[in-house]
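Quick notes on the structure that follows.
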Amino acid sequence: MTEPRHAAPDEEQPQVVVDDRRRIDPETGEVRAPAHAAPEEDVVAAEEEPLVAEVVDSVAAELKTQLDERTADLQRLTAEYANYRKRVERDREAVINNAKASVAAELLSVLDDVERAAAHGDLTGAFKAVADKLVSTLQKTGLEPFAHEGEAFDPSVHEAVQHSTSPDVDGPTVTAVLRRGYTFGDKLVRPALVAVTDHEPAPSAAPTEEI
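If you're matching positions, the sequence shown starts at 3 in my numbering and goes up one per residue.
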């Protein structure tokens, strides 16, 4: 039977290294700082850094693209809504103006009677006060009379019912207003009935005979 071999007094005993991976120091109770990564881990981390940066850049670019698309959509919707509001407001104003013009057109015959009465000197007293108030109210709503003697003839707003010629005018001229015309804003409510005089050269003097 073999006897166990005892180490000689001077022979070195193998050292046992204990890698204490506990995060809490058992003696102090404090949290230990993490150990430095092994060289292999540093190499792997260094190789992964460009990949991580590339992924981050790609995600950032995608998010920016989506943000730009959403911003463009919002701007387009805002512009469409603004145009819609303008169109609705324009249509609403057109309806109101057409209604006012229609009411004013129904009162034109009354204004004609008022004008004829004024021309004959019959517009006096309380009748004149009421007539002036009616005319003022209609003008405030936008109704405007036009056509006066001496102005140039405009076929777009004047309707010629009488025609003559004269050397006293340079071109087609309104020489008499038979019925006043009216506009409401930019809209022609009724053309004016007028007499028009065209230019006619004056006759040349007859030559005198020499004796």
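Note that CB positions come from ideal geometry on N, CA and C, so glycine has one too.
Note that the structure is predicted; figures quoted are calculated from it, not measured.
Residue state for THR126 is assigned as coil, using DSSP reduced to three classes. Taking C-beta separations shorter than 7 Å and ignoring five residues to either side along the sequence, VAL90 has no partners in its chain. Across the structure, SER166 and ALA103 are spaced so that their CA atoms are roughly 34 Å apart.
DSSP, reduced to helix, strand and coil, places ALA149 outside both helices and strands of the structure shown, so it counts as coil. Around the C-beta of TYR83, fewer than 16 other C-beta atoms lie within 10 Å, and the residue is accordingly described as exposed. Shown here, ARG89 sits in a helix according to DSSP, grouped into three states. In terms of Cβ geometry, HIS160 and ALA149 form a close pair [threshold 8 Å]. Per DSSP, reduced to three states, the secondary structure at LEU65 is helical. Out of VAL137, ALA204, LEU65 and PRO147, the CA that lies nearest to the CA of GLY183 is found in PRO147. Collapsing the DSSP output to three states places GLU56 in a helix.
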